[in-house]
Amino acid sequence: MGMIKNKVILGILFIVFVGIVLFIFFVPITTTFNITVDTERISYETLDKNNSRLIVMEAEIADEDAILSTNFSGTIDLNAGVKVTVERIAFGPISIIIESLNSKSIGKIYNGQDGELFHEATDYLEVYIYDVSEKTVKGQTYIFSIDGKVNLGRSVNLEIFGESTALLRNGDVKMIGKTFLSDDYFEAGSKELNLGDRLVFDKIQSKTFGFVTINENPGMSAAYRVTAKEARVIKPGPQNDTSGYMISASLLDRFLKDRMFQGLSIFFGFLVIITTLITFVKDITKN
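Quick note: the sequence shown uses my numbering, first residue 1, plus one each step.
If you want it as structure tokens, here you go:
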């Protein structure tokens, strides 16, 4: 009777150990994606009003009805639920299209000199900055913050006459995984982005933070980070809502590079071995 009781206890312990190990192995990995790209197009959606601001210099701004200014310098404070698309093809002008996703005002425009309200925008605004190359020669560059949900690149499928030709040129995505049961992180590899690719995050777990810079180089450069379970890389060609392939920190990355995970795996593996040996020895001694 005692031998059966011992076997039951050891069996329960074994099942508990295996369950814990399986949980550790298959618990989803939260990945932080650090993206640096050279591109001609990037867009994002504002999720709130915090840090949702564009600073423009010597810009032409217009709404759907009229040109508001041909030489405006100041700030555009954006509301939540606004889509911002920044484009610059090769060495051309900067184009910023701002549109509301909820048919409300995109925000307010303030003068740069005195901070006074210049215009309360409707649900659509266009901003153009010309002669960028000449200005960069004189030492003037442009930085636009990114804060919200980003969509990188443009769908390259069936080209239409008059459509924008802006493309992602190249880039790199570095993935950082969160260590299990702590606030430490581990490097989980990288993925190269090629000409014409798109990078999409379907379900983000944090806002995207970063910036776009426009300088003496063609197009623009962007650097930003976002936390999500996975990202989707979409190659040029026919596309739908599920096109592309997923990238994220993987179980193999966790096993090879997460020191805490390695330690826990060894610990629980050792317990399983000890439990098996104890059961084997008890069976031998009883017989």
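Where is the CB? At the ideal position from N, CA and C, for every residue including glycine. All values reported here derive from a predicted model rather than from experimental measurement.
| query | result |
| --- | --- |
| Inter-residue CB distance, Lys178 and Ile35 (contact presumed, cutoff 8 Å) | No, Lys178 and Ile35 are not in contact; Cβ-Cβ is about 18 Å, not under 8 Å. |
| Rounded straight-line distance, which links the Cα of Lys191 to that of Ala222 | 16 Å |
| Uninterrupted beta strand (DSSP E) stretches inside the stretch 111–165 (no shorter than 3 residues) | 117–120, 124–129, 142–152 |
| Sub-7 Å separation of Ala85 and Ser145 beta-carbons | Here the sequence assigns Thr to residue 85, which means Ala is not the residue at that position. No, they are not a contact pair. |
| Thr208 - containing beta strand (DSSP E), residue span | 208–214 |
| Start-end ranges of the beta strand (DSSP E) lying completely within the stretch 30–102, minimum 3 residues | 31–39, 41–45, 53–62, 67–78, 82–87, 94–100 |
| First and last residue of the uninterrupted beta strand (DSSP E) at Asp172 | 168–178 |
| Residues near Asn151 in its chain [Cβ-Cβ closer than 6 Å; skip 5 each side] | Ser43 |
| Ser248 - DSSP class collapsed to helix/strand/coil | coil |
| Coil, strand or helix - Ser243 by DSSP | coil |
| Cβ-Cβ separation, Leu168 to Thr39 (assumed contact under 8 Å), whole Å | 4 Å |
| Thr208 classed as buried or exposed, judged by whether at least 16 other C-beta atoms fall within 10 angstroms | buried |
| As assigned by DSSP and simplified to three states, the class of Ser190 | strand |
| Identity of the residues DSSP links to Leu199 by a beta bridge | Leu152, Val233 |
| CA nearest to the CA of Val233, picked from Tyr224, Glu216, Leu193 | Leu193 |
| 6 Å CB neighbourhood of Ser69 in its chain, flanking five on each side removed | Ile61 |
| Rounded straight-line distance, which links the Cα of Ile143 to that of Gly210 | 10 Å |
| Exposed unless 16 or more other CB atoms sit within 10 angstroms - verdict on Thr31 | buried |
| Residues near Leu125 by beta carbon distance below 7 Å, same chain, minus five either side | Ile61, Asp63, Ile98, Ile106 |
| Coarse secondary structure for Ile106, derived from DSSP in three states | coil |
| Whole-angstrom distance between Pro93 and Thr136, CA atom to CA atom | 12 Å |
| When Gly153, Ser73, Gln140 are compared against Met57, the one with the closest alpha-carbon | Ser73 |
| Short Cβ contact (7 Å threshold) for Ser95 with Asp123 | no |
| Where Ser164 falls, given that 16 or more other Cβ within 10 Å makes a residue buried | exposed |
| CA-to-CA distance, Val226 to Met292, given in whole angstroms | Because the chain in this structure spans residues 1 to 287, residue 292 falls outside the shown range and cannot be described. |
| Residue from Gly153, Tyr110, Phe33 with nearest C-alpha to Ile89 | Gly153 |
| Check whether Glu87 and Ala166 have beta carbons under 7 Å apart | yes |
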